[in-house]
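First residue of the sequence shown? That's 0 in numbering that gives the first Met the number 0, and the numbers climb one at a time after it.
Every residue, glycine too, gets a C-beta built ideally from N, C-alpha and C.
Predicted model only: the values in this text are computed from it and were never measured.
Everything below concerns the one structure shown next.
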Amino acid sequence: MLNAVSPELEKKLRALLGPKGLPSGSAAFLEEPRGRWKGRGLVVAPAGTDEVAAVVRLCAEHRVGVIPYGGGTGLVGGQITETGPAPVILSLHRMAEIRAIYPRENAMVVQAGAILADIQAAAEDVDRLFPLSLASEGSALIGGLLATNAGGLNVIRYGNARAQCLGLEVVMADGAVWNGLSRLRKDNTGYDLRDLMIGAEGTLGIITAATLKLMPRPVETATALFAVPDPAAALDLLALAGEQLGETITAFELIHRQGFDFLQEAGIDHVRPLDPLPDWCVLVEIGLGQGQDADGALEALFSSALKGGLSTDGTIAQSVQQAQALWTIRESIPLANRAIGAVSSHDIALPLSAIPQFIAQAPGRLAEIGAFRINCFGHLGDGNLHYNVFPLPGKSRADHEGQREAVKREVHDLTHEMGGSVSAEHGVGRLKVPDLERYGDPVKLATMRAIKTALDPLGVLNPGAVLSLR
């Protein structure tokens, strides 16, 4: 049984960390982006790994929970809690140092509090690319991104966060520090603790630093938006693009007409790339090496798609500004969604061949619950859909609060029936703990609990996230 933060523990933490270690204005650390929960607890901000270790040791001694807090951009409640004894919320924002860059090795060592955009800029300064890219990159911290195994726009080419990490430094539940900041590409000496910690959401250890994998920067890039007849044609276009362009595809995003309508409704400035706007389109980006013709490659793809009936219209960006305008559409859709207010949002993954069937069947199943608008978009290249359900015009999400769980259950049940995952890239957090228990393989769940018990026997690390409290 865990305890709440006591005056005695708070006094010890103040003595350990000093005034900067208990930040004023800590209310900002007790919120999450969708506004569904309000956090509670004592916020601390260590300045380095030794201080993180000391905080964890104190919390273990007092049997107080520790919730790691990165940039606060997570969407499943993994960074805050409303229930249980008040925990220590451990913010990593003061640990933002980029420790070393090794351009010839394509590697970089950073602290967990480094902002993703700053990491990308540091890589660019040495003519390298750190390809993890997502809408919150201006505020998301690398420790949280690794802890949730974040995905983003470029997974089709570069993989999730896990694939972009070589090594970790982690504070364990007893305050011991595992120094696993290896730059090796091959190391088969026993269990891979790196992969165990990535995606564990701070329930097995607190990531304090990471060795990241860098990539050569594509010299020639091109971006295009293609209208497609339906999701099945979009999948066929993806296959065609793979045949013609190979692994040069950086992103392949599916967008529904509803996304454009929401941008208009929310008053978000954007270009109108095609006229008329299609029901479905895909945003494609490729990156090639020196001397290769990226624009020509996309023109050839469009020509083949047009002949094969896979595309009916399209536009290829003729400048960096035009490319950015197309990407602004995709990156602004989540902002428009937030302005409209979703009844229920879903981050799901499906086998690629099941996506058209899912998109066709889901509306009918939801119609049995009520009348809704659906904004379906996402990373088609890796099978990740953001399938979000909204009220009709004139209604608000508050009008459907009693239906929210039924909507989520219907979407998740169908996803599971089709062999998919109800958490593609946002993690489990606290929001999806019941979903993991409902859909998860029993042997997997039992093994996860055994690992949690072995590494965190007191249950102090992010209690209630990923696995339910028992």
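Element boundaries [alpha helix (DSSP H), containing residue i]
i: Ile354; result: 354-366
i: Ala237; result: In the sequence as displayed, the identity of residue 237 is Leu instead of Ala. First-last of the alpha helix (DSSP H) with Leu237: 230-244.
i: Leu444; result: 441-454
i: Leu144; result: 141-146
i: Arg98; result: Not the alpha helix (DSSP H): Arg98 falls in the beta strand (DSSP E), residues 97-101.
i: Gln78; result: Premise fails: Gln78 is in no alpha helix (DSSP H) and is neither H nor E.
i: Leu470; result: Given a span of 0 to 469 for the chain in the structure shown, any question on residue 470 remains unanswerable.
Residue i vs residue j beta-carbon contact at 8 Å
i: Leu351; j: Leu234; result: yes
i: Ala160; j: Leu144; result: yes
i: Tyr68; j: Arg182; result: no
i: Val227; j: Gly204; result: no
i: Met107; j: Ala121; result: yes
i: Ala338; j: Glu284; result: no
i: Leu192; j: Leu140; result: no
i: Leu224; j: Pro272; result: yes
i: Leu237; j: Leu379; result: yes
i: Ala423; j: Gly150; result: yes
i: Leu15; j: Ala53; result: yes
i: Thr210; j: Leu165; result: yes
i: Leu253; j: Ala304; result: no
i: Phe389; j: Arg372; result: yes
C-alpha gap between residue i and residue j, whole angstroms
i: Ala231; j: Gly308; result: 11 Å
i: Glu367; j: Gly418; result: 23 Å
i: Ala296; j: Gly266; result: 35 Å
i: Gly463; j: Thr220; result: 44 Å
i: Asp260; j: Asp398; result: 21 Å
i: Gly198; j: Asn148; result: 5 Å
i: Asn2; j: Cys58; result: 9 Å
i: Glu472; j: Cys280; result: Past the boundaries of the shown model lies residue 472; the chain is included only from 0 to 469, so the question cannot be answered.
i: Glu330; j: Tyr386; result: 16 Å
i: Ala445; j: Asp274; result: 54 Å
i: Val4; j: Asp173; result: 18 Å
i: Ile315; j: Ile155; result: 20 Å
i: Ala405; j: Ala322; result: 39 Å
i: Pro118; j: Asp294; result: The identity of residue 118 in the sequence shown is Ile, whereas the question assumes Pro. Spanning the two alpha carbons is a distance of roughly 28 Å.
i: Ala449; j: Thr202; result: 13 Å
i: Glu242; j: Ile354; result: 20 Å
i: Gly340; j: Arg396; result: 6 Å
i: Leu454; j: Leu262; result: 46 Å
i: Glu416; j: Val432; result: 19 Å
i: Asp268; j: Trp326; result: 13 Å
i: Leu391; j: Gly142; result: 38 Å
i: Ala85; j: Gly64; result: 8 Å
i: Ala113; j: Asp126; result: 19 Å
i: Arg469; j: Met0; result: 9 Å
i: Gln110; j: Thr311; result: 47 Å
i: Gly83; j: Ile97; result: 36 Å
i: Asp346; j: Leu430; result: 12 Å
i: Ser302; j: Thr188; result: 50 Å
Sequence-distant residues of its chain with Cβ nearer than 6 Å to residue i (five each side left out)
i: Gly137; result: Ala116
i: Ser420; result: Ala348
i: Leu130; result: Contrary to the premise, residue 130 reads as Pro rather than Leu in this sequence. Result list for Pro130: Asn153, Tyr157, Met214, in chain order.
i: Arg408; result: none
i: Gly258; result: Ile332, Asn374, Phe376
i: Gly77; result: Glu200, Gly426, Gly428, Ala464
Endpoints, beta strand (DSSP E) assigned at residue i
i: Val170; result: 164-170
i: Thr249; result: 248-255
i: Val432; result: No beta strand (DSSP E) contains Val432, which is instead part of the alpha helix (DSSP H) from 432-438.
i: Ala209; result: 205-212
i: Asp191; result: That residue, Asp191, is in no beta strand (DSSP E); it is neither H nor E in DSSP.
i: Ala116; result: No beta strand (DSSP E) holds Ala116; the alpha helix (DSSP H) holding it covers 115-124.
i: Arg156; result: Counting along the chain, Arg156 falls outside any beta strand (DSSP E), though it belongs to the alpha helix (DSSP H) covering 154-157.
i: Met475; result: Absent from the model: residue 475. The displayed extent of the chain is 0 to 469, so no value can be given.
i: Ala85; result: Note, Ala85: premise wrong, no beta strand (DSSP E); not H, not E.
i: Gly179; result: 176-179
Sequence-distant residues of its chain with Cβ nearer than 8 Å to residue i (five each side left out)
i: Leu29; result: Lys37, Gly38, Arg39, Gly40, Val42, Ile79, Ile88
i: Asp194; result: Arg161
i: Arg13; result: Gly20, Leu21
i: Glu246; result: Arg156
i: Asp229; result: Asp278, Trp279, Pro355
i: Leu244; result: Ile285, Ala296, Leu300
i: Leu276; result: Arg256, Phe259
Same chain, Cβ closer than 7 Å to residue i, five either side skipped, listed in chain order
i: Arg403; result: Val342, Ser343
i: Ala134; result: Glu330, Pro333
i: His61; result: Asn2, Ser5, Leu8
Neighbour flag for residue i against chain B, beta carbons, 8 Å
i: Ala139; result: The structure shown contains no chain B, having only a single protein chain.
- Message: Which runs of the beta strand (DSSP E) at least 3 residues long sit entirely within the stretch 275-326? Give them in chain order.
- Response: 279-287, 312-315
- Taking only runs that begin and end inside the stretch 12-75, name each unbroken beta strand (DSSP E) of 3 or more residues, in chain order. 41-43, 65-68
- Query: For the stretch 368-407, which segments carrying the beta strand (DSSP E) assignment without a break, of at least 3 residues, lie completely within its bounds, in sequence order?
  - Reply: 372-378, 383-389
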